[in-house]
Structures are given as C-alpha cells and as structure tokens.
Amino acid sequence: MGEPMRIRAQSAAGQTTVRILMSHEMESGQRKDADGKIIPAWHIQDVTASLGGKEVFSAEWGPSVSKNPYLQFIIKGTHAGEKITVTWKDSKGDSRSDEAVIV
Amino acid sequence: MNKRRDVLQWGLASAGVVAMEAMSPVDALAYEKSAFEAKTWTDALKVLGSPSPTESKDVVLNAPDIAENGAVVPLSASCALPGVKRMIFLVEKNPTPLCSVFNVSEDILANFSMRTKMGQTSNVYAVAVLGDGRALMAKKEIKVTLGGCGG
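Going line by line, the protein sequences match chains A and B. Residue numbering for the first sequence follows my numbering, beginning at 5 and increasing consecutively. Residue numbering for the second sequence follows my numbering, beginning at 2 and increasing consecutively.
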C-alpha cells in the first residue's frame with residue numbers, strides 16, 4: 005500500500021475534469037546504485053478509473069512515467085455528487101485504490 | 002564432473018525462472034510486457050497492433066519545446082474524432098520508448114495529460130487508435146537539457 009492518491013474531480017461546462025496525483029517511486033530500471041548495480045524497475049503498471057462503479061478507462065504504464073505520477077482525464081457530462089474511484093497496481097503486485105466525490 | 006555441474010546450474014536456473022513466474026501478479030497477462038520492452042517506438046506499436054500510424058491534425062499533442070528537467074516532462078494529447086479506442090504515448094529515444102497506453106471508453110474524452118521521463122532530446126509521439134483500426138498520430142520534438150533516465 006502506497007500513500008493515498010490526491011484526486012480532484014470538478015464538473016464544469018458539460019464535462020468533468022479529473023486530476024490525480026499518485027505517490028510512487030516509478031523506478032525506471034535504468035539507474036545504478038553506488039556499487040554500479042542496476043536498481044531494478046519498480047513502477048505502476050495498471051491504472052483504472054471508474055465512475056459510480058462503471059469503468060471509464062484502463063491504462064498500462066511503463067517505467068518511463070515520471071515519479072509521483074500526475075494524470076488528468078475528462079469525463080463527458082457533469083456528474084456532481086457521483087463517486088470516482090481510481091486504482092493502480094505496480095510491478096511488485098502492490099496496489100492502491102482511492103475515491104473522491106465529484107464537485 | 003563437469004557434466005554434473007552443468008546439470009546443477011541448469012537446474013538452479015530453471016528454478017529461478019519458475020520462482021519469477023510465480024511472483025508475477027495474476028493478471029499480468031493483460032499487461033503488454035513485450036510492448037513496453039520493445040527497443041524502438043515502431044516495434045512497440047507493432048506489438049500493440051497499430052503499426053505505421055498516419056500523421057494527422059486530428060491528434061493534438063501539447064508539450065514544451067524545451068524540457069529543463071527530463072525527469073518530469075508534461076505531455077498532453079487529445080483527439081476530437083469519435084470512436085477513439087486507445088491513446089498511446091511514446092518517447093522515441095528512451096531505452097524503452099513506450100510510455101503509456103490508455104484504453105478509452107465512450108464515457109470519457111480521448112484527452113489525457115501526464116508526465117514522462119526523457120533520457121535525451123527526442124521526438125515524442127501521441128497515437129490515437131480509432132474503432133475501425135486506423136491509427137493517427139502527432140509528433141513533437143522536445144529538447145532535453147538534463148536527462149531523467151540514468152543516475
């Protein structure tokens with residue numbers, strides 16, 4: 005379990021903008037430690053988001069997504085009061101799920 | 002004597018493989034590992050089933066001209082055409098160019114913003130795959146003054 009995600013979802017002008025800040029090291033697998041050994045890759049692989057229980061997108065990420073990933077996506081229509089749930093799973097099998105109410 | 006050592010080593014090696022397979026998460030099948038391991042952006046697209054996308058003004062890629070810090074390069078891509086099934090971000094000169102794949106449902110716009118790492122100055126591609134299988138793309142060169150891959 006990583007740190008909680010920060011999710012902000014706002015409905016305006018007929019669409020809902022969702023901004024997410026995840027907390028994850030996103031180790032690329034390219035860096036070396038002090039002994040010159042490669043630090044193995046460790047990154048978020050799968051991300052899904054659902055609106056009121058219905059999945060709106062799924063994503064697959066590689067190690068080149070930046071550390072503490074930021075993601076913004078846009079849902080069609082206004083959905084004030086509905087719940088958005090975001091889940092990620094990383095390459096070590098760890099996962100985290102957080103939700104926010106759309107304002 | 003040599004033979005015996007070989008057999009032992011082989012045995013250990015395969016035990017390692019089995020252990021690794023057992024460790025990977027259950028639904029790793031859904032994750033297109035070989036696409037993310039591809040060394041060129043065209044190979045990655047081939048694995049994803051969308052080789053040779055056409056450049057199109059319908060795909061809009063927003064990114065800075067110069068990234069001072071290659072570890073955090075903001076990318077934003079959208080495609081206003083109806084029926085977009087997939088949005089793909091690639092960085093040509095990264096060791097593994099495929100950055101992310103978004104499977105788009107009809108409940109959302111094909112419009113994503115995220116941040117990527119870039120090892121060096123490179124072309125960045127945003128590919129939109131439509132329902133009929135057509136793949137459209139936008140590209141942009143981003144100059145990196147400080148890389149974000151190595152240590």
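Idealized CB from N, CA, C, for every residue including glycine.
- By the neighbour-count criterion, in which a residue is buried when 16 or more other Cβ atoms sit within 10 angstroms of its Cβ, N112 of chain B is buried.
- Counting every other CB atom within 10 Å of its CB across the protein chains shown gives K93 of chain A a total of 16 or more, marking it as buried.
- Ranked by how close their Cα comes to the Cα of E38 of chain B, the residues B:V61, B:L62, B:L99 and B:T55 have B:L99 in first place.
- Residues of chain B whose Cβ lies closer than 8 Å to the Cβ of Q14 of chain A do not exist; the shortest such Cβ separation is about 14 Å.
- For W65 of chain A, the residues of chain B that pass the 7 Å Cβ criterion are S101, in the order they occur in the chain.
- Within chain B, the residues S106 have their CB atoms less than 8 Å from the CB of E59 of chain A, given in chain order.
- Judged by their CB atoms, A81 of chain B and V74 of chain B are not nearer to each other than the 8 Å cut-off.
- Contact annotation for I67 of chain B against chain A: no contact, minimum CB-CB distance about 17 Å [criterion: below 8 Å].
- Residue pairing of C80 of chain B in beta bridges, as defined by DSSP: B:V60.
- Look at K87 of chain A here: in three-state DSSP terms it is strand.
- Boundaries for T43 of chain B: no beta strand (DSSP E) harbours it, while the alpha helix (DSSP H) harbouring it runs W42 to V48, taken from the DSSP string.
- In this structure D133 of chain B is exposed. Its beta-carbon is surrounded by fewer than 16 other beta-carbon atoms within 10 angstroms.
- Among the CB atoms of chain A, one or more fall inside 8 Å of the CB of Y32 of chain B.
- With contacts defined by Cβ atoms closer than 8 Å, E69 of chain B and T146 of chain B form a contacting pair.
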